[in-house]
Each structure stands twice: as C-alpha cells, then as structure tokens.
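*Asks:*
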Amino acid sequence: MNIRKILRRLLPLIPAAAGLLCLGVCRLFPAVAEWVFARGVRRGLSALLGTVTGFLPFSLAELLVVTALPAAVALVVRAVRRPAVRAKLLRGCAWCVSSAFLLYLLMHGLQYARLPLSEQMGLSVSHSSSVERLADLTAYFAEKASAARAACKEDAQGCMRLSTTTGEVLKSGGEGYARLAVRYPFLRGTADRAKGVVLSHWWSYTGITGMYFPLTAEANVNVDVPADEMLMTISHELAHTRGYAHEDECNFLGILACVNHPAVEWQYAGWLAAYQYTADALYAADADAYYEVAARCSDGMRRDLARRAAYWSGFEGPVEEISAEVNNAFIQVNGDSDGIARYGQVTALLMAYYADGV
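My numbering numbers the first residue of the sequence shown as -7 and each following residue consecutively.
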C-alpha cells in the first residue's frame, strides 16, 4: 500500500485529531478553554445551531436518536449486499463520526476544562461550614419555597400545577437567565426554548429528567415528570446551552434562573430545589437539626415532594440502575473524576452565593 492510499484512509480522522488536540490544550490551559472556546467558538456555533433548531417545534435530537439504529442497520445491509460501495460507506461513516466528535467537543466536551463558575461569579466556595449556618440557610429556603408555593395553582390532588400549557412553559425558560444576565453577562444565550420529548414517559424508566444534545444545541426535557421538577430541569438544561458542562454548576445556575424568573411557579421550583440540596446536607450533618427545619415546610411542599417520590417509585428497576452507571461513566470520561457525585456539590455553591446573609 503506497503512502497516498494511507493518507487517503487517514483523512477522515483529521476532525477527531483536531478535537483531541484542542482538548489537550484546554486541559492544560483553562483560560484558553474559557475565553477562546467557551465564550468564543462555542458561543458562535451555539448561536448558529440554536437558531436553526429553535425554529423546530419538536426535538431534532430525539428524532436522530430514534432513527439512529434503523439507519445503522440499513447501512450495514447495504454494505453487505453491495461490496462495491462498502469502502465509500465506511469512509463516509468515518467522516461523520469524526466530525460529530469534533462538534461534540467544541459544543460541550471542552467546557469541562473551562474556569470554575465560582471564579467567574466571584464566589468563595468552601465545602466545610457550621451546622448552624447550614440550618439557617435551609430554613431560609424552606420559608421562601413555602411562600412561593402558597401563590401557585393546585390540581385536584392539592399538588402544584402549571398556570399555563407545557408548550408555553418550554418557551419561557430563558426569562430567568435574561434577568441573571444583567448581573452576569456571560450567562446570555440564544437557545431559550427547551424541547419536550415525545417518549418522555418511557424515558422516565432511565431516571433521567433532561438531556442536552450538543450536536443540535437542544435542551431536551422529560415532560412527564411532576411540574416543579420539570421547571427545574428546563433551567438546568438551559445552563448547558450556555456552555456549562459540570452538573453541579448547571444545577446551581438552574436554581438561580428559577428564583429570578418572573413567574411564581418557576420561583417555587428553584427554592424547592435549593431546599432539597441543603436539607440533604443538613440531614447528613445533624438529623435533629434537619427535622427541626423540615417542620417549616408547608403542607403544599410536602404534597409535592410526596407526589414526586410516588412518581419515581413506579420506574425503579434495572434500567434506571444501568442508566445511572452509564451517566456516571460518561461524566468521568469527560475528565470529571467525581462523576455523578458532583450533583451533590450544589450546596457549597449555594452557601457561597448566600454568604452575605439570607
């Protein structure tokens, strides 16, 4: 085999190689990841892709995922039946996979290496705090959530319900970020419309409430889950569209976006999520202090949390366990050794953000 043929076969690997080179540079120099890629290249690509897919009333990502397996089978059958085109098909697939890998890195993968959100927001994060301080913050969130819950509408079971349609809610997630961006301009984004997944009910068997799909710049949301959880999920996934990859940072931003949203139901979802994170930490530190603070939760909050627990109990099983393992592995492969444990680090960010008092 001559050099020319070898080079021709290696050409499809160029996009992937370029992506790996960028990844290496970003991990060595977080400032490059932040200023060149997160706020530069990614923002431009996100604006382009988000504008195009934003016009679609459905999730392009869901359509691609659902049709991926049949398309792959069709390609294999074609390659088997027509050996003459096998080389072209393999080369074409190699180009597609390599280019998709590069696009994934530019849109999401490189963002794991960017500067910490706490540094961007000027927060002094500490993972140690007094139980008294944690209890005070948890009580504050419980009171804020209870007050917001009192202004929310209820369904026949006395649980919080949306005041508008799911379609309208999916379009309005960016309103909280618009207010946040006044203080933190780097949180501006072009993808403000979340996409409801048609197969949401079946998706719940994986235990997943949302997914950001970098190749289409879409925030995909499980619309079958309880309303308050769906609102928080929308805000979380929209944080990914703004270039944040770490789950703790996206949960934290999701909470801030919710509590800054003009609609009270969004505010409630944010305060409830904040309460849950700090309450879990408080329970681990001092169970007695936790029960004392939990008594401040309104009856409406308790009904909503009970409904959520009842909802997810119907989807427990091996699919959920496997999904959690896959999600954990995916996060770790992207350079985050904590895996899904980062979901539990939101409390430290909340403590830092409200360090000046509640």
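Here a beta-carbon is modelled for each residue, glycine too, at the ideal position from N, C-alpha and C.
Check the C-beta distance from Cys18 over to Ala105 and give it rounded, since I have them as a contact under 8 Å.
*Replies:* Yes, Cys18 and Ala105 are in contact; Cβ-Cβ is about 4 Å, under 8 Å.
*Asks:* When you compare each of Ala60, Leu94, Gly46, Leu115 to Ala340 by their alpha carbons, which one comes out closest?
*Replies:* Cα-wise, what sits closest to Ala340 is Leu115.
*Asks:* Ordered along the chain, which non-local residues of its own chain (more than five positions away) have a Cβ less than 7 Å from that of Leu126?
*Replies:* Result list for Leu126: Thr270, Ala273, Leu274, Ala277, in chain order.
*Asks:* With a CB to CB cut of under 8 Å and the five nearest residues on each side skipped, what residues in its chain are close to Ala333?
*Replies:* In this predicted model, Ala333 has a pLDDT of only 43, less than 50, meaning its place in the structure is not dependable enough to derive any value.
*Asks:* Specify the secondary structure class of Val190 as computed by DSSP and reduced to three states.
*Replies:* DSSP places Val190 in coil when its eight states are reduced to three.
*Asks:* Nearest to Ser164 by CA position, among Pro7, Pro254, Trp194, is which residue?
*Replies:* Answer by Cα proximity: Pro254.
*Asks:* Compute the distance between the beta-carbons of Met293 and Ala137, then report whether it is under 8 Å.
*Replies:* Cβ atoms of Met293 and Ala137: closer than 8 Å.
*Asks:* Leaving out five residues on either side along the sequence, give the residues of the same chain with a beta carbon under 7 Å from the beta carbon of Val24.
*Replies:* Cβ neighbours of Val24 beyond the five flanking positions: Val17, Cys18.
*Asks:* Are the Cβ atoms of Val395 and Glu54 separated by less than 8 Å?
*Replies:* The question about residue 395 has no answer here: the residues shown for the chain are numbered -7 through 350.
*Asks:* With DSSP collapsed to three states, give me the class of Gly355.
*Replies:* Residue 355 lies beyond the stretch modelled for the chain, which goes from -7 to 350, so this question has no answer here.
*Asks:* Thinking C-beta only, is Leu223 closer than 8 Å to Trp258?
*Replies:* In contact: Trp258 and Leu223 (Cβ atoms closer than 8 Å).
*Asks:* Contact defined as beta carbons within less than 8 Å: I believe Gly98 pairs with Val33. What is the distance between those atoms, to the nearest angstrom?
*Replies:* At residue 98 the sequence reads Leu, which differs from the Gly that was named. Correct: roughly 6 Å between the Cβ atoms.
*Asks:* On the three-state DSSP scale, how would you describe Val117?
*Replies:* The answer is coil: DSSP assigns Val117 none of H, G, I, E or B.
*Asks:* May I ask you to report which of helix, strand or coil DSSP gives Glu308?
*Replies:* Three-state DSSP puts Glu308 in coil, outside helix and strand.
*Asks:* Compute the Euclidean distance between the alpha carbons of Ala60 and Cys88, then round it to the nearest angstrom.
*Replies:* In a straight line, the C-alpha of Ala60 is about 13 Å away from that of Cys88.
*Asks:* If we call anything under 8 Å between Cβ atoms a contact, is Leu94 one with Ala8?
*Replies:* In contact: Leu94 and Ala8 (Cβ atoms closer than 8 Å).
*Asks:* Check whether the Cβ atoms of Ile352 and Leu129 lie closer than 8 Å to each other.
*Replies:* Nothing about residue 352 can be reported from this structure: the residues present for the chain run from -7 to 350 only.
*Asks:* I'd like to check one pair, Ser38 with Thr182: are the Cβ atoms closer than 8 Å?
*Replies:* Yes; because the gap between Cβ atoms is below 8 Å, this pair is in contact.
*Asks:* With H, G and I counted as helix, E and B as strand and the rest as coil, what does DSSP make of Val213?
*Replies:* Three-state DSSP puts Val213 in a strand.
*Asks:* Closest to Glu317 by CA distance: which of Ile200, His238, Ala79 is it?
*Replies:* Of Ile200, His238, Ala79, the residue nearest in Cα terms is Ile200.
*Asks:* How should Lys187 be labelled, buried or exposed, when 16 other C-beta atoms within 10 angstroms of its C-beta is the threshold for buried?
*Replies:* Its Cβ being crowded by 16 or more others within 10 Å, Lys187 is buried.
*Asks:* Who are Lys145's beta bridge partners in DSSP?
*Replies:* DSSP output for Lys145 lists Arg153 as bridge partner(s).
*Asks:* His238 by DSSP, collapsed to three states: which one?
*Replies:* Looking at His238 - three-state DSSP - the assignment turns out to be coil, as it is neither helix nor strand.
*Asks:* If you follow the alpha helix (DSSP H) that Leu230 is in, where does it begin and where does it stop?
*Replies:* Taken as a continuous stretch (DSSP letters only), the alpha helix (DSSP H) holding Leu230 covers 219 to 233.
*Asks:* Excluding the 5 residues preceding and the 5 following Asp296 in the sequence, name in chain order all residues of the same chain whose CB lies nearer than 6 Å to its CB.
*Replies:* Only Cys151, Met152, Asp220 meet the Cβ criterion.
*Asks:* Is Ser51 helix, strand or coil when you go by DSSP?
*Replies:* Looking at Ser51 - three-state DSSP - the assignment turns out to be coil, as it is neither helix nor strand.
*Asks:* Would you identify the three-state DSSP class for Ala137, choosing helix, strand or coil?
*Replies:* Ala137: helix per DSSP, three-state reduction.
*Asks:* Could you compute how far the alpha carbon of Gly331 sits from the alpha carbon of Leu342?
*Replies:* Low per-residue confidence applies at Gly331: pLDDT is 43, beneath 50, and the placement is therefore not dependable, though the value from the model is reported in the following sentence. If I take the Cα positions, the gap works out to 20 Å.
*Asks:* Label Phe21 either buried or exposed according to how many other C-beta atoms from any shown protein chain fall within 10 Å of its C-beta, with 16 as the threshold for buried.
*Replies:* Exposed, because fewer than 16 other Cβ atoms sit within 10 Å of the Cβ of Phe21.
*Asks:* Cα-Cα, which of Asp184, Asn214, Pro206, Tyr204 is closest to Tyr197?
*Replies:* Considering only alpha carbons, the answer is Asn214.
*Asks:* Based on Cα-Cα distance, which residue from Leu179, Arg288, Asp280 lies nearest to Glu241?
*Replies:* Out of Leu179, Arg288, Asp280, Leu179 has the C-alpha closest to the C-alpha of Glu241.
*Asks:* Can you list, in chain order, the residues of its chain with a C-beta nearer than 7 Å to that of Ala134? Leave out the 5 residues immediately preceding and following it.
*Replies:* Tyr267, Val285, Arg288, Cys289, listed in sequence order.
*Asks:* Are Tyr303 and Cys144 closer than 8 Å when you measure CB to CB?
*Replies:* Not a contact, by the Cβ cut-off of 8 Å.
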